[in-house]
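Numbering (this note's numbering), first residue to last: 1 to 356.
Structure follows, in structure tokens:
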């Protein structure tokens, strides 16, 4: 929702994360009126991919897990795009000032009085015509326009709140997944490993040389320069969110990683350009895929989730069980290498000296 949804500053009379609240309002409307379409207001499943999944991820920690229950009881969260941001006050202010300048305004009052055409121009200018500096997951200058801790609705970074148990435990079931190479087509993979410090500091602006080196030592394999960018972006923007949420609600979460080549971001959606699995597969004429049988198996599990039926899918649990989805659903546990990567990223983000 760009500029209109995620422009705010802590020292202005302006709410943060309004775009996220729009999604919450849509879910509340659905819960209130779904009975008119044959549904049940207490059996709502929220489904999102990429930015939409990132918003659902944020909603799981709305108000630190306190207050009234969420208007959905289950969620399917696919590739949650939500870069880990924590101390965002200065960066949000900088983006707010850029919005003011683009609108030829000097105050919030002026911005509120601006016509819709002006705001559409501002959105186009900052989203489409300004180089993105976020490092992935959001689009726009500085850290991009997207959900972030605001000290109110989102009192802290989701991973912190989840670890503290400040998550909506009224959620009954979650399916949380990611693609094995989310970053392959969503990262700056040119000039590696020389560009890597810039990539890290897009996520953690004050990251020390020691932090950058520790991440480089873990992620870099000589001769696989592009893979360095792909793996780091996969984890920092998408996969570690799934990892953190599964760890926070292990007995309610079903975890998966899709590894079917090329295993890139968005491959799991309805897209004829991607030879993978599609949640909205119809037939080989309308939505051709490589393996219809596997697609239908995944759809069967998704429908079982929505209907409240047994999914034949083990919970993540203390053993970190998951499915590696290749040509079939392979039961396994979260690979130690991927766990180590997310654990280091989490520690780096939590280190206040790194400025996340």
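The beta carbon of each residue, even a glycine, is placed where N, CA and C say it ideally should be.
Contact check, residue i vs residue j, beta carbons under 8 Å
| i | j | result |
| --- | --- | --- |
| residue 120 | residue 62 | no |
| residue 353 | residue 159 | no |
| residue 87 | residue 355 | yes |
| residue 319 | residue 333 | yes |
| residue 111 | residue 125 | no |
| residue 166 | residue 65 | yes |
| residue 70 | residue 161 | no |
| residue 149 | residue 156 | yes |
| residue 23 | residue 55 | yes |
| residue 95 | residue 7 | yes |
| residue 294 | residue 327 | yes |
| residue 317 | residue 250 | yes |
| residue 50 | residue 183 | no |
| residue 60 | residue 168 | yes |
| residue 91 | residue 9 | no |
| residue 254 | residue 142 | no |
| residue 163 | residue 67 | no |
| residue 204 | residue 349 | yes |
| residue 190 | residue 200 | no |
| residue 315 | residue 226 | no |
Bridge-paired residues (DSSP) for residue i
| i | result |
| --- | --- |
| residue 143 | Looking at the DSSP assignment, residue 143 forms no beta bridge with any residue, so it has no partner. |
| residue 358 | Beyond the ends of the chain as shown, which are 1 and 356, falls residue 358; an answer cannot be given. |
| residue 323 | 256 and 331 |
| residue 264 | 181 |
Extent of the continuous beta strand (DSSP E) run through residue i
| i | result |
| --- | --- |
| residue 46 | 45-49 |
| residue 85 | Counting along the chain, residue 85 falls outside any beta strand (DSSP E), and DSSP gives it neither H nor E. |
Close-in-space but distant-in-sequence residues of the same chain around residue i (CB under 7 Å, 5 per side omitted)
| i | result |
| --- | --- |
| residue 181 | 230, 234, 262, 263 and 264 |
| residue 216 | 193 and 196 |
| residue 45 | 72, 74, 75, 76, 305 and 306 |
| residue 214 | 344 |
| residue 132 | 139, 140 and 144 |
| residue 108 | 12, 13 and 14 |
| residue 114 | 103 and 105 |
| residue 202 | 133, 134 and 135 |
| residue 97 | none |
Residues near residue i in its chain [Cβ-Cβ closer than 6 Å; skip 5 each side]
| i | result |
| --- | --- |
| residue 325 | 256 and 258 |
| residue 273 | With a pLDDT of only 38 at residue 273, under the threshold of 50, the placement of this residue in the model should not be trusted; the figure read from the coordinates follows. So the list is empty, once near-sequence residues are dropped. |
| residue 34 | 41 |
| residue 219 | 228, 231 and 232 |
| residue 2 | 123, 127 and 145 |
| residue 321 | 314 and 333 |
Limits of the alpha helix (DSSP H) - the one that residue i falls within
| i | result |
| --- | --- |
| residue 119 | 116-127 |
| residue 4 | 2-6 |
| residue 349 | 336-350 |
| residue 159 | 158-163 |
| residue 298 | 292-307 |
| residue 110 | 108-113 |
Cβ neighbours of residue i in the same chain (closer than 8 Å, five flanking residues each side left out)
| i | result |
| --- | --- |
| residue 342 | 235, 239, 240, 243 and 244 |
| residue 58 | 17, 20, 82, 147, 154 and 158 |
| residue 52 | 23 |
Residue i: CB within 7 Å of a non-hydrogen atom of the ligand NAD
| i | result |
| --- | --- |
| residue 195 | In the structure shown, the ligand NAD is absent, as is every other ligand, since no ligand is present at all. |
Closer than 8 Å to chain D by CB, residue i
| i | result |
| --- | --- |
| residue 103 | The structure shown contains no chain D, having only a single protein chain. |
Can you give, in chain order, each stretch of the alpha helix (DSSP H) that sits fully within the stretch 11-49 and has at least 4 residues?
-> 18-33
Start-end ranges of the alpha helix (DSSP H) lying completely within the stretch 181-259, minimum 4 residues | 196-203, 209-219, 225-233 and 240-248
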